[in-house]
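*Asks:* This note's numbering puts the last residue of the sequence shown at 561; the count rises by one with no breaks.
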Amino acid sequence: MDTAFTEEQNEMRRTVRDLLARRCRPDEVKTAVRTPEGYDTALWDTLARQLGLPGLALPERYGGTGCGTVELALAFEEAGRTLLPSPLLPTAALAAPLLARLGSADQRARLLPRLASGELTAALAVPGSTLSSALGLTAPGPGPGWAGGGRAGGVQATYRTAGGGAGWRLYGEVDQVLGGHSAGLLLVAAHTGGFTRSRTLLFLVDGAADGLVRTRQTALDETRPVARAELRDVTAIPLGGNDGDRGDARDGERVGEPDGDMAHELASAGPRVAALLAAEAVGAADGALARTVEYVKVREQFGRPIGSFQAVRHRLADVYVQVQAARSAAYFAAWAADGPRPLDQDGGEAATAGGTALGQALEALGSAAAEAVQLHGGVGFTWEHEAHLYFKRAAGDELLFGPVHRLRACAADRAALFGPREGARGEEREGEHGRGHERRDERRDEREGEAGAVRWPGRAA
101 MDTAFTEEQN
111 EMRRTVRDLL
121 ARRCRPDEVK
131 TAVRTPEGYD
141 TALWDTLARQ
151 LGLPGLALPE
161 RYGGTGCGTV
171 ELALAFEEAG
181 RTLLPSPLLP
191 TAALAAPLLA
201 RLGSADQRAR
211 LLPRLASGEL
221 TAALAVPGST
231 LSSALGLTAP
241 GPGPGWAGGG
251 RAGGVQATYR
261 TAGGGAGWRL
271 YGEVDQVLGG
281 HSAGLLLVAA
291 HTGGFTRSRT
301 LLFLVDGAAD
311 GLVRTRQTAL
321 DETRPVARAE
331 LRDVTAIPLG
341 GNDGDRGDAR
351 DGERVGEPDG
361 DMAHELASAG
371 PRVAALLAAE
381 AVGAADGALA
391 RTVEYVKVRE
401 QFGRPIGSFQ
411 AVRHRLADVY
421 VQVQAARSAA
431 YFAAWAADGP
441 RPLDQDGGEA
451 ATAGGTALGQ
461 ALEALGSAAA
471 EAVQLHGGVG
481 FTWEHEAHLY
491 FKRAAGDELL
501 FGPVHRLRAC
511 AADRAALFGP
521 REGARGEERE
531 GEHGRGHERR
541 DERRDEREGE
551 AGAVRWPGRA
561 A
C-alpha cells in the first residue's frame, strides 16, 4: 500500500476544497437546505459537469472518470468539511455502483452516462429499520426480513399480464430514503416470488412514475434530507433483468429477473459505502475542529485568548488525535475497498476495515461537534449558530448509520476478534462435541488399559 497521494489526487482535492470554500459557506448551506430540492442546483451542476464528481468512480465508457474509491473518498472528505447538501451520497455511493455492477447492458448504457453527468440523480430505497443493516454494517448480513418483514411487509413486486400491458408492479412503502424526494431514479428493494419462493430483488422506478408519492420528512440534519416513498401499483423494471419481457413463462417461472437474491449484493457494497461515509465524517470533524481552533484564538477571557489556557488546548488536542486516527482508518478502508484482495463471503478485510473506520469517524465527529458547541461558549448553544450544523450531522449520522458500538461489534465479529464468526459457531460446537466423544473414548481406553496392566501380574502370579 502506497500511503502517499499522487499529484493528480492532491490537485483534485484542492480544486474541490477551493470551490466549496467559496460557494458552500454556513449561510449558503442553510439557504440551500430550505429549497424544494434540498441543495443548491447550480453548485451541483458545477460539481457534476465541471469536476465530474458523480462519475468519478464510474468507467470511462459510461462517461465517468475511471478512478477508484480512494479518489471518491477524497471528494467525500471535502464535501463533509463544508457539510455540502447534495445528492452525491445517494447517487455516487449507493445507486450508481449497484447499477454499474448489476444492471443489464442496456440499463448501464442508458442510465450511467446521465448519472455521471449529474443530469440524473438516484436514490436507494431499502425497506426495513435502517440502511446500515441492509448494507451489512451493523449486522453480519441481512436477515430473512431485511427488506420489510417478509410477505406482509415492505414492498411487494408482482408481474401482471393484463390491465394496461404486461410488466412488474410495486406496492408498498419505504421510509428514510436518502435524497428520495428529488431523485429522478429510485432503486427499490422489493419481495417477489410469493410466500414459498420469496426473495428480494432491486427494481428501477422512474421518479415521475404514476402511483409514486414521495414526501420529504422532517430530519434532524437538514443537510441530509430523507423522504418517504409510497408505491401504489407503480411500474418497475428489475435491475439486471430483461426489462420485463417474460416471453412464454409458465406459472412459477421468473423470467426477466436477475439470478440470485440482492441481499448478498447489497452487503458486498457495504464496505465501499462505509469507507466513503467515514471519509465524509472525517471531513466534517476536521471542519468543526478548524472552526473551533480559529474561534479560541480570538475569543478572550480574563484578558487573554481562551486558546492559551491549558485545559482548552488539551481538549482540542484530544480531538485532533481522534480526527487524525479516523482519517488514517478511512483512507485504509477506501484502499481496501479497491484492494488486491477479493472479497470473500463474509466481506474479508474490506468489510472489517470499512465498519471500523466508520465507527471511528462517527466517534471523532461526535467529539469534535460536542467540543465545538462547548468551546464556542454562550453563542455556541444557540440553535442558529454554525456549530449546530456539525452537531446535527454527528447526531443524524449516528442514527442513520450507527450506533458506533454496533459498527465495531459487527467488524469484530467479521474479524473473529473474540471468537469464531456467527456462521461458524454452530459447526465449531458440533466439532467440539465430536472431539469430546473421542477424548472420552481415549480416556476410557487408557483407564481400562491401566486396570488390565495392574490385574495381569496378579493373575499371572
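No residue lacks a Cβ here, since even glycine has one placed at the ideal position from N, Cα and C.
#1: Could you check the C-alpha separation between residue 277 and residue 212 for me, to the nearest Å?
#2: Since I believe residue 195 is in contact with residue 376 (beta carbons under 8 Å), could you give me their beta-carbon distance rounded to a whole number of angstroms?
#3: With a cut-off of 7 Å, does the C-beta of residue 211 fall near any C-beta of chain B?
#4: With a floor of 4 residues, list each alpha helix (DSSP H) that falls wholly inside the segment 164-231, ordered by position along the chain.
#5: How do the segment 401-420 and the segment 506-521 stand: do at least 3 beta-carbon pairs fall below 8 Å, yes or no?
#6: For residue 324, count the other beta carbons within 10 Å of its own beta carbon; 16 or more makes it buried, fewer makes it exposed. Which is it?
#7: In chain order, what residues of the same chain lie with their CB nearer than 8 Å to the CB of residue 256, ignoring the 5 residues before and after it?
#8: What's the call for residue 398, buried or exposed, on a 16-neighbour Cβ count within 10 Å?
#9: With a threshold of 8 Å, are at least 3 pairs of Cβ atoms found where one atom belongs to the segment 194-209 and the other to the segment 465-484?
#10: Comparing C-alpha positions only, which one of 134, 217 and 283 sits nearest to residue 187?
#11: Taking 7 Å as the threshold (C-beta atoms), are residue 467 and residue 419 in contact?
#12: Do residue 204 and residue 340 have their beta-carbon atoms positioned less than 7 Å apart in this structure?
#13: Less than 8 Å between the CB atoms is what I'm expecting for residue 455 and residue 379, so what's the real figure, rounded?
#14: Between the Cα of residue 390 and the Cα atoms of 417, 403 and 401, which residue gives the shortest distance?
#15: Express the C-alpha separation of residue 227 and residue 414 in angstroms, rounding to a whole number.
#16: The alpha helix (DSSP H) that contains residue 254, what's its start and end?
#17: What's the call for residue 181, buried or exposed, on a 16-neighbour Cβ count within 10 Å?
#18: Assuming residue 279 and residue 223 are in contact, meaning their beta carbons sit under 8 Å apart, how far apart are those beta carbons, in whole angstroms?
#19: Rounded to whole angstroms, what is the Cα-Cα separation between residue 281 and residue 452?
#20: Please list the terminal residues of the continuous alpha helix (DSSP H) segment that includes residue 501.
#21: Assuming residue 132 and residue 139 are in contact, meaning their beta carbons sit under 8 Å apart, how far apart are those beta carbons, in whole angstroms?
#22: Taking Cβ to Cβ, would you say residue 106 is nearer than 7 Å to residue 154?
#23: When you compare each of 421, 309 and 300 to residue 338 by their alpha carbons, which one comes out closest?
#24: What does the alpha-carbon distance come out to for the pair residue 104 and residue 517?
#25: Does DSSP put residue 404 in a helix, in a strand, or in coil?
#26: Looking at residue 496: is its Cβ nearer than 7 Å to the Cβ of residue 321?
#27: Pick from 151, 334 and 124: whose alpha carbon is nearest that of residue 259?
#28: Using the rule of at least 16 other Cβ atoms within 10 Å of the residue's Cβ for burial, across every protein chain shown, is residue 150 buried or exposed?
#29: Thinking C-alpha only, which one of 234, 476 and 309 is nearest residue 392?
#30: Once you ignore the five residues that flank residue 400 on each side, which residues in its own chain have a CB closer than 8 Å to its CB?
#31: Report the residue from 130, 120 and 121 whose alpha carbon sits nearest the alpha carbon of residue 483.
#32: So what's residue 137 in DSSP terms, helix, strand or just coil?
#33: Check each candidate in 123, 436 and 164 and name the one with the smallest Cα separation from residue 146.
#34: For residue 111, does the count of other Cβ atoms within 10 angstroms reach 16, so buried, or fall short, so exposed?
#35: Please classify residue 118 as buried or exposed, where buried requires at least 16 neighbouring CB atoms within 10 angstroms.
#36: Residue 329 bridges to which residues according to DSSP?
*Replies:* On the basis of the data shown:
#1: Along the sequence shown, one-based indexing puts residue 277 at 177. Along the sequence shown, one-based indexing puts residue 212 at 112. Cα-Cα distance, rounded: 20 Å.
#2: Counting from one through the sequence shown, the residue named residue 376 turns up at place 276. Counting from one through the sequence shown, the residue named residue 195 turns up at place 95. About 13 Å separates the beta carbon of residue 376 from that of residue 195, a gap too long to meet the 8 Å contact definition.
#3: Absent from the structure is chain B; it holds one protein chain and no more.
#4: For the segment 164-231, whole alpha helix (DSSP H) runs of length 4 or above, ordered along the chain, are 169-181, 196-202 and 205-217.
#5: Contact between the segment 401-420 and the segment 506-521 is absent, with fewer than three C-beta pairs closer than 8 Å.
#6: Residue mapping note: residue 324 aligns to position 224 of the sequence shown, counting from 1. Flag for residue 324 reads buried.
#7: The residue labelled residue 256 in the question sits at position 156 within the sequence shown. For residue 256, the CB contacts under 8 Å within the same chain, skipping 5 residues up- and downstream, are 270, 271, 272, 290, 291 and 292 in chain order.
#8: Taking the sequence shown and counting its residues from 1, the one referred to as residue 398 is at position 298. Within 10 angstroms of the beta-carbon of residue 398 lie fewer than 16 other beta-carbons, which makes it exposed.
#9: Taking one beta carbon from each stretch, the segment 194-209 and the segment 465-484 have fewer than 3 pairs nearer than 8 Å; the two do not touch.
#10: Position 87 of the sequence shown, counting from 1, holds the residue named residue 187. Ranking the options by Cα distance to residue 187, first place goes to 283.
#11: Taking the first residue of the sequence shown as 1, we reach residue 419 at position 319. Taking the first residue of the sequence shown as 1, we reach residue 467 at position 367. Yes, the pair counts as a contact, with Cβ atoms nearer than the cut-off.
#12: Your numbering for residue 340 matches position 240 in the sequence shown. Your numbering for residue 204 matches position 104 in the sequence shown. In this structure, residue 204 lies closer than 7 Å to residue 340 by Cβ.
#13: Translated into positions along the sequence shown, residue 455 becomes position 355. Translated into positions along the sequence shown, residue 379 becomes position 279. The beta-carbon distance between residue 455 and residue 379, rounded to whole angstroms, is 14 Å. This is too long to meet the 8 Å contact definition.
#14: As a position in the sequence shown, residue 390 is number 290, starting the count at 1. Proximity to residue 390 across 417, 403 and 401 peaks at 417, based on C-alpha coordinates.
#15: For this step, residue 414 is matched to residue 314 along the sequence shown. For this step, residue 227 is matched to residue 127 along the sequence shown. Put simply, the backbone Cα of residue 414 is about 44 Å away from that of residue 227.
#16: Taking the first residue of the sequence shown as position 1, residue 254 is located at position 154. Taken as a continuous stretch (DSSP letters only), residue 254 belongs to no alpha helix (DSSP H), as it is neither H nor E.
#17: Stepping through the sequence shown from its first residue, residue 181 is reached at position 81. Buried.
#18: Looking up residue 279 in the sequence shown gives position 179. Looking up residue 223 in the sequence shown gives position 123. With a Cβ gap of about 5 Å, residue 279 and residue 223 count as contacting.
#19: Counting from 1 along the sequence shown, the entry for residue 281 is found at position 181. Counting from 1 along the sequence shown, the entry for residue 452 is found at position 352. Using only the alpha carbons, I get a separation of about 32 Å.
#20: Counted from its first residue, the sequence shown places residue 501 at position 401. Segment 487-501, the alpha helix (DSSP H) holding residue 501.
#21: As a first step, residue 132 is located in the sequence shown; it is residue number 32 there, counting from the start. As a first step, residue 139 is located in the sequence shown; it is residue number 39 there, counting from the start. Going by Cβ atoms, the distance from residue 132 to residue 139 rounds to 5 Å, so yes, they are a contact pair.
#22: Counting from one through the sequence shown, the residue named residue 106 turns up at place 6. Counting from one through the sequence shown, the residue named residue 154 turns up at place 54. No, they are not a contact pair.
#23: The residue labelled residue 338 in the question sits at position 238 within the sequence shown. For the residues 421, 309 and 300, the minimum Cα distance to residue 338 belongs to 300.
#24: Residue numbering aside, residue 104 sits at position 4 when the sequence shown is read from its first letter. Residue numbering aside, residue 517 sits at position 417 when the sequence shown is read from its first letter. Using only the alpha carbons, I get a separation of about 30 Å.
#25: The residue you call residue 404 lines up with position 304 of the sequence shown. DSSP places residue 404 in strand when its eight states are reduced to three.
#26: Within the sequence shown, the letter at position 396 stands for residue 496. Within the sequence shown, the letter at position 221 stands for residue 321. Between residue 496 and residue 321, the C-beta gap is smaller than 7 Å, which places the two residues in contact.
#27: Within the sequence shown, residue 259 is the residue found at index 159, counting from 1. It is 334.
#28: Residue mapping note: residue 150 aligns to position 50 of the sequence shown, counting from 1. Burial call: exposed.
#29: For the purposes of this step, residue 392 is taken as the residue at position 292 of the sequence shown. That would be 476, whose Cα lies nearest to the Cα of residue 392.
#30: Here the question's residue 400 lines up with position 300 in the sequence shown. Its chain contains 406 as the residues whose beta carbon lies nearer than 8 Å to that of residue 400, once the 5 sequence neighbours on both sides are disregarded; these appear in chain order.
#31: Against the sequence shown, residue 483 aligns to sequence position 383. That would be 130, whose Cα lies nearest to the Cα of residue 483.
#32: Counted from its first residue, the sequence shown places residue 137 at position 37. In the structure shown, residue 137 adopts coil according to DSSP, grouped into three states.
#33: Position 46 of the sequence shown, counted from the start, is the residue given in the question as residue 146. For the residues 123, 436 and 164, the minimum Cα distance to residue 146 belongs to 123.
#34: For the purposes of this step, residue 111 is taken as residue 11 along the sequence shown, with counting starting at 1. Residue 111 comes out exposed.
#35: For the purposes of this step, residue 118 is identified with residue 18 of the sequence shown, where counting begins at 1. By the neighbour-count rule (16 or more Cβ atoms within 10 Å), residue 118 is not buried but exposed.
#36: Translated into the one-based positions of the sequence shown, residue 329 becomes position 229. Bridge partners of residue 329 according to DSSP: 274 and 314.
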